[in-house]
Structures are given as C-alpha cells and as structure tokens.
C-alpha cells in the first residue's frame, strides 16, 4: 500500500507544442498535494487532456518542462514505468479478456504471482461491488459496470496517481451522479492523488478538492470549488462556472448606483464600472424600503429553487434564485437586497 | 402477406441461383463425375496421395502457400499498422504502389521475378559486379516465394489498415499505464484486435496462393505446384480424368481451409463483440 499520504505531483514550466505546430499547452506549473483530487476544468480543446497526458507520460513536455512525483524527476520515465492508473471516457477495457482478467492485467504485467493476483482481484471486485461480474465478457456489461471495472483495473496495481479523463461523460445523467459520488468516496478513502479531467462544472465542483480552470492552453485559476465560484479571477471563469449576473453601474460616495436603486458598498473611487454577482446572492425582500427594485419578467420553477428574471434593477435583466416556497407572478414588483461582500469587480 | 414477400424474395434471387447453378454447381458436379470415370476410376482421387509425384506437388503447394501466407501477414501486418498510424510525405503514393500488383496478371508477376532474379536479372548483375558470382533464384522455390509474396501483399495490407484504423488508442495507453512494454502491447492489445482481419485476409492470401498459376507457369520452376500439374495432365497428357480429380482435391482443400478460417474468425468476432 502507498499509505494515506499519496504522491505529490509537481509540474514545472510544462508546455506542449505538437509536431504540426499546435500549441496545446502554454508554460504551466502546477502542484498537487499528496492525496488531493484536482479537477482540470475547461471547454473542449482547452488543453486539459494534454495536461493530464503530460502527467501520465503519454506526452512529453517541450524542452525545459519537468514533471516530479514526490521528489523524483519522472520527466524522462516512460508511462509504463511511472505507475499511474488511467481511466478513460471510452473505458478502454480489453475486449479479448473477461472482467477478472482485465483487473488482473496490470498485476500480471508486474509479475505478481497467480494466487496473490486472484486475491487482489477479489478485493477489487468487492471494493467496486461488482463481484457477480467476475467471469463476464466486457461486451455483456453496461456503461456504468464497464467504468467500475476500469476503475478497479487502474487501482489494482496501487498506482502513485490516478488519472481520470472524462470518466463519466459517456454515461447517462442519473448514473453519472451515482458513480460520481462513488468515485469521490473511493478517492478519499484510498487517499490517492488524483487528477480528474472534465468539461462539466457541476462535476468539477462536486468532486474536486481543488479545481484548475483551463482556457486556451493555460491554467487561468486554481482554487477550491468555493473560491472558484465566489471569487472568479476572470470573466472567463465567472461565465464558465454557473450563472453570473453582469451589470453596469456607477460608483459614487461608496455606493453603487444602478437603475433600480443603490447599494451601499463601501468601496473607494468613483465612476462607471461593471459589477458581477451570483443569482443566489440577491435576496428577495418586500418592495417597500428595498435598496433595489424591479419587476418579475419570467419565472422558472426548478423544484428545489425558483429562478426569476427580473427587469428594472439594472441595465439588463438579472437572474435571481430563491429557495423560498412563495409563488411569483410575471409582472409582480419585488425588492432585492445584495450583500456588499457578494459584489465582484473583475480586472479584465 | 409473409408468403408473398417470400415469393418476391425468391423471384429476386432466382437469377443468382440460375447463374450459380449454370456456371458453378453444374461444372463442379461434372468435374467430380469426370474425375471418377478415367482408367483409374475412383482411385484417381487417391492418386494425389499414392502417387509420389502428385503428392510432392500437393505438399509443396501447401507448404509454399502456408509460408507465403505467414510471411505476407507479418510483412503486410507491420506495414499496414505503420501506414495507418504515420502520416508522412509520399504516404499516398506508397500505398498505391503497394496495391499495384493487383493490376498485374500472374504471368507479368513471374516475368518481373525473372527480371529481378533470373539469369540476366538485376540481382545477378549486381552480385557479379561485386564479385560474389551470379545469384539466380527466380527458377527455384525462392523465386516462386518472391512472386507470390508480391501479389499477396496488397490483398492483406488494405484489410489490415482498415482494422488498424478502428483500434482505440486508449486501449494501448491503458495497457502501457498498467506497465506493459511495447512488445506486450503488441501481443496483448494490437494482435487480438487485428485477429479477425488477419484471419480473413490470411485465408484469401492462402487460397490465392493455392490456385496461382500464371507466376509458376512463367517461372517454369523445378518445383511443380499443383495447378501446373493439373495443367500438364490436362493439356499435354490429355489425362482428363486425373486432371479433374486433382482439381477437385485442390478445390476441396482450399475451400475447407477457408471454411475453417471463417469459423475461427466468426468466434473471435463474436468474442470481440
């Protein structure tokens, strides 16, 4: 066993230019603590998979870039000697082997004796709760079962780091949610260091200890899901993760003036500026005496919450979400209160 | 409703059945009968085993065809996977050159082998020039081998390329991440995935080699392959019954091999899903 500590991963100045001249990854440095799950989040083609493949050893960084596992420089170590576990979107199970042989493959390659191999396979089957699939052919498995086998196969060899490339993308929504929770529990109970690539911000927030948001080949922000959500470093991050209201206002005497009223903000300076806030940071209050006033334009009942589009507050409609049970009518006049701390100003 | 559909279906396949019967089944039946009506009677069918001359021809045809098939699968297998994965300048030209032999009749292939390794061939000229004596192998089994390989490669290489295209690169990456070296990746991942294509194209390659006539005829080698023996018995010795019997034996062996391969490929295809 690797113990609970897990392997720390460090990338130093890793860039990747493909032979055809495509710059997939700008110079990137990244540290992953032992046992930590870091999600690489970004739109397709942003370089998140390339980053994962550099860690795996499937791509070597451009000259000057180094990859470290703990203190060991593994930059020139081929993937088969890095001891990394990989899980793919397409599952990538060997079709010519049954479930048990797939899980045992890495152990067999490492020269583990047959009886020890069988014991470890049993352990993995039990851990993934797929004991009844032991002798099944891969083609007889559902997508969710396949990904469980793929996880078992990757973990069986006790890798130093687990690399998951969009592992849930091929599954349907319900199963995705369930397996996501399982993976989350699994990663933390094993204490293994994991890098998890996804384009789904909900998945990223739920599974990541930290999220690295990637755009155009560069990490644009790294932080806990909460930091990424509430303190986006750029408008790209703000827009990519969840819904963000973006309004034009004027700062005067420490207050932000909007068409629908004014909010005391306590900021220095003055002049026109763009301000951002999350839909759930605007609280609905009685219209009389409210700092901001508007009119409900559209109502979307989402079950656990209600989403309103409100006009009149700002130069454009703002999105407001509330978990209150009260019903709202289109055309209804409402008041809004936004705590000063929830207002964001971005530099870009 | 159902009955009418079946009738219509039967009507549509009728031309195929008629043509098949007229040009395949009837001649084949006639051939089988003729084979048994010579002065040897039914013994003509066993002559291929009892007569050392015929047996030798059959054995060398099989050995040659098996060797050619294996060698072709190795050469075209490696080349096919390589060509599928690497895109370089002149790749298209190389692929069309490799498939060029499909355009030549066996006679021309034999002629080309003579130009290469015959008594006045290129290789002989070169070895003479370098003082190693005149190397001539066109008229031996090596010449046959060269010619057969030449026309077999295109039959295999396109099938392999099509199969290699469907290989999921993630499979190889998964194997590597689990510690498999490149050799193990080939044995555990690539070969199993290519197996149906290897069996199918290998079967075609074997059948073609078993029945090839033009190349062997042009080279007039000291080793007689079965199609040449059949030709000699039929045309020169007018031993029609024996020629017919030998033809049947050649046909049955080739057909049985193809059928066995189809069964093997079928079971792997089912296993691979």
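Residue numbers (my numbering), protein chains in the order written: chain A, 1023 to 1370; chain B, 960 to 1232.
Note that the Cβ used here is the ideal one computed from N, Cα and C, for glycine as well.
No experiment lies behind these values; they were computed from the predicted model shown.
{"Check": "Assigned exposure category for residue 1151 (chain A) - 16 Cβ within 10 Å defines buried", "Outcome": "exposed"}
{"Check": "CB contact below 7 Å: residue 1108 (chain A) versus chain B", "Outcome": "yes"}
{"Check": "Neighbour flag for residue 1188 (chain A) against chain B, beta carbons, 7 Å", "Outcome": "no"}
{"Check": "Neighbouring residues, chain A, relative to residue 1130 (chain B) (Cβ below 7 Å)", "Outcome": "1114 and 1116"}
{"Check": "Three-state secondary structure assigned by DSSP to residue 1210 (chain A)", "Outcome": "helix"}
{"Check": "Chain-ordered chain A contacts of residue 1044 (chain B) [CB-CB under 9 Å]", "Outcome": "Here the premise fails: no neighbours, minimum Cβ distance about 13 Å."}
{"Check": "Contact between the segment 1315 to 1330 of chain A and the segment 1341 to 1354 of chain A (3+ Cβ pairs under 8 Å)", "Outcome": "yes"}
{"Check": "Proximal residues of chain B, C-beta to C-beta of residue 1080 (chain A) below 7 Å", "Outcome": "1132"}
{"Check": "3-residue-minimum beta strand (DSSP E) runs that sit fully inside the segment 1045 to 1114 of chain A, ordered along the chain", "Outcome": "1045 to 1054, 1059 to 1063, 1088 to 1091 and 1106 to 1109"}
{"Check": "For residue 1025 (chain A), three-class secondary structure by DSSP", "Outcome": "Below a pLDDT of 50, predicted positions are generally treated as unreliable, and residue 1025 (chain A), at 44, falls in that range; no measurement from the model is reported."}
{"Check": "Sequence-distant residues of its chain with Cβ nearer than 6 Å to residue 1301 (chain A) (five each side left out)", "Outcome": "1265, 1341, 1342 and 1343"}
{"Check": "Residue 1045 (chain A) versus A:1208, A:1252, A:1059 and A:1073, residue with shortest Cα-Cα distance", "Outcome": "A:1073"}
{"Check": "Against chain B: residues of the segment 1115 to 1146 of chain A by CB proximity under 7 Å", "Outcome": "1116, 1117, 1118, 1127, 1128, 1131 and 1132"}
{"Check": "Beta-carbon gap between residue 1304 (chain A) and residue 1319 (chain A) smaller than 7 Å", "Outcome": "no"}
{"Check": "Bounding residues of the beta strand (DSSP E) (the contiguous stretch that carries residue 1318 (chain A))", "Outcome": "1314 to 1323"}
{"Check": "Distance between beta carbons of residue 1256 (chain A) and residue 1185 (chain A), contact taken as under 8 Å", "Outcome": "About 26 Å; that fails the 8 Å criterion."}
{"Check": "Residue 1364 (chain A): first and last residue of the uninterrupted alpha helix (DSSP H) it sits in", "Outcome": "First-last for residue 1364 (chain A): undefined, no H or E at that position."}
{"Check": "CA-to-CA distance, residue 1093 (chain A) to residue 1231 (chain B), given in whole angstroms", "Outcome": "With a pLDDT of 39 at residue 1231 (chain B), under the threshold of 50, the predicted position of this residue should be treated as unreliable, though the coordinate-derived value follows. The alpha-carbon atoms of residue 1231 (chain B) and residue 1093 (chain A) are separated by roughly 42 Å."}
{"Check": "Nearest-angstrom Cα separation, counted from residue 1102 (chain A) out to residue 1321 (chain A)", "Outcome": "55 Å"}
{"Check": "Whole beta strand (DSSP E) elements within the segment 1264 to 1322 of chain A, 3-residue minimum", "Outcome": "1267 to 1274, 1277 to 1280, 1283 to 1286, 1293 to 1299 and 1304 to 1307"}
{"Check": "Amino acids of chain A, ordered along the chain, whose beta-carbon sits closer than 7 Å to that of residue 1140 (chain B)", "Outcome": "1102"}
{"Check": "Backbone CA spacing between residue 1056 (chain A) and residue 1109 (chain A) [nearest angstrom]", "Outcome": "19 Å"}
{"Check": "Same chain only: Cβ atoms within 8 Å of residue 1262 (chain A), ignoring 5 sequence neighbours per side", "Outcome": "1063, 1064, 1065, 1223, 1235 and 1237"}
{"Check": "Touching by the beta-carbon criterion (3+ pairs, under 8 Å), the segment 1178 to 1190 of chain B and the segment 965 to 984 of chain B", "Outcome": "no"}
{"Check": "8 Å Cβ shell around residue 1178 (chain B) - same chain, five flanking residues per side excluded", "Outcome": "1069, 1072, 1073, 1097, 1098, 1102, 1103 and 1106"}
{"Check": "Euclidean distance between Cα positions of residue 1125 (chain B) and residue 1270 (chain A)", "Outcome": "53 Å"}
{"Check": "Paired residues, beta bridge with residue 1343 (chain A) - DSSP", "Outcome": "A:1329"}
{"Check": "Counterpart residues of residue 1108 (chain B) in DSSP-defined beta bridges", "Outcome": "None, per the DSSP bridge assignment."}
{"Check": "Residue 1093 (chain B) - DSSP class collapsed to helix/strand/coil", "Outcome": "coil"}
{"Check": "Contacts that residue 998 (chain B) makes with chain A (C-beta to C-beta distance below 8 Å)", "Outcome": "Within 8 Å Cβ-Cβ: nothing; residue 998 (chain B) doesn't reach chain A, min ~54 Å."}
{"Check": "Residue closest to residue 1109 (chain B), alpha-carbon to alpha-carbon, out of B:1121, B:1034, B:1047 and B:1166", "Outcome": "B:1034"}
{"Check": "Residues bridged to residue 1187 (chain A) (per DSSP)", "Outcome": "A:1219"}
{"Check": "Residue-chain proximity (residue 1281 (chain B), chain A), Cβ-Cβ < 7 Å", "Outcome": "With chain B covering only 960 through 1232, there is no way to say anything about residue 1281 (chain B)."}
{"Check": "Within-7 Å CB hit, residue 1111 (chain B) to chain A", "Outcome": "no"}
{"Check": "Beta carbon proximity, residue 1125 (chain B) to chain A, threshold 7 Å", "Outcome": "no"}
{"Check": "Same chain only: Cβ atoms within 7 Å of residue 1250 (chain A), ignoring 5 sequence neighbours per side", "Outcome": "1233, 1235, 1243, 1259 and 1263"}
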